[in-house]
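Note sheet for the following structure.
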Amino acid sequence: MALLREPLLCYISHAASEGRRAFELRCPRCGARSSTRWLGAALADMKGALVMKFLRDAWESKSSALWLALMRIAIGYIFIESGYGKLTTPGGFASHMGGTLTNFASKNPYPWMVNLLHTVAIPNAAFFGVLIPWGELLAGLSLFFGVLSPIGLLGALALNLTFYFAAGWTGASTATANEVMAIAEVIMLFGMAGRALSVDQLLGGLYARVLPWKRQAAMKGNLTPKRAPTA
């Protein structure tokens, strides 16, 4: 915290010691001439210090947490790009959904998926034409920024498994891409990929107070008896 307080204390100490003359003086730390610029420089330094502290804490955490976070961000970006691309498709992605789903069902090797496509997906093609791009976009934002990461990972996993069984037969690249992403999402889910470089990391204390399962885990941790140190 001393690192964060130093720039602002620099401004306050000079303003207090010099009174109104502080508006005319140059701060020996930042070199600014006016108190307004002193404060701006101080706040900029604090912002930089906060960012560096956040990155340093992430880097000093377990290496697995950092690499899982980078994987989470990369997959989140892929989902954001895919969802946004569908939402901005000329003519509308939903308008082509019926034909796409019919094609997926035409030679699909999984009878249960063929039945699901004909009974649920194709009759509601317009609905799924809206659900899929928004689902991709929201899952991508959740993973990219690390907001409620487990929920975002479950949504992303559901999408990739659906894409694999519905369209994996259309090409090896489609099948492989969805397989790899699904495996990565399972690894991130069990590895708790939201531990680093995430909003979840910053709001961990708030989650513990608001979310019931987090609150119960925190209470359980507090009630666990600590072992006495051995000599």
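In numbering that gives the first Met the number 0, the protein residues as written are 0 to 230.
Just so you know, even glycine gets a beta-carbon here, dropped at the ideal spot from N, CA and C.
In this text the structure is predicted, and so the values were computed from the model without any measurement.
Can the beta-carbon of residue i be found less than 8 Å from the beta-carbon of residue j?
i           : j           : result
residue 125 : residue 78  : no
residue 148 : residue 197 : yes
residue 159 : residue 181 : yes
Tell me which residues share the same chain as residue i and place their Cβ nearer than 7 Å to its Cβ, disregarding the 5 neighbours each side in the sequence.
i           : result
residue 190 : 63 and 67
residue 171 : none
residue 108 : 168
residue 83  : 136
residue 106 : 168
residue 186 : none
residue 89  : none
Specify, as a first and last residue, the run of the alpha helix (DSSP H) that residue i falls within.
i           : result
residue 169 : Neither: residue 169 is in no alpha helix (DSSP H) and is coded neither H nor E.
residue 119 : Where residue 119 is concerned, there is no enclosing alpha helix (DSSP H), given that its DSSP letter is neither H nor E.
residue 97  : 96–105
residue 198 : 198–201
If residue i and residue j are in contact, beta carbons under 8 Å, what's the gap, nearest whole angstrom?
i           : j           : result
residue 155 : residue 184 : 5 Å
residue 177 : residue 193 : That belief does not hold up - the Cβ atoms of residue 177 and residue 193 are roughly 22 Å apart, past 8 Å.
residue 100 : residue 121 : 5 Å
residue 132 : residue 162 : Residue 132 to residue 162, Cβ: 13 Å. No contact.
Return the CA-CA distance between residue i and residue j, expressed in angstroms with no decimal places.
i           : j           : result
residue 195 : residue 153 : 18 Å
residue 145 : residue 74  : 11 Å
residue 65  : residue 151 : 18 Å
residue 188 : residue 72  : 13 Å
residue 104 : residue 203 : 44 Å
residue 130 : residue 157 : 13 Å
residue 97  : residue 117 : 11 Å
residue 179 : residue 69  : 16 Å
residue 221 : residue 134 : Below a pLDDT of 50, predicted positions are generally treated as unreliable, and residue 221, at 48, falls in that range; the measurement from the model is reported next regardless. Roughly 37 Å separates the two Cα atoms.
residue 113 : residue 141 : 31 Å
With a CB to CB cut of under 8 Å and the five nearest residues on each side skipped, what residues in its chain are close to residue i?
i          : result
residue 76 : 139 and 143
residue 85 : 92, 131, 132 and 135
residue 35 : Unreliable placement is indicated for residue 35, whose pLDDT of 49 sits below 50; no coordinate value is reported for it.
residue 87 : none
Can you name, in chain order, every residue of its own chain whose Cβ lies under 6 Å from the Cβ of residue i, other than the five neighbours on each side?
i           : result
residue 115 : none
residue 95  : none
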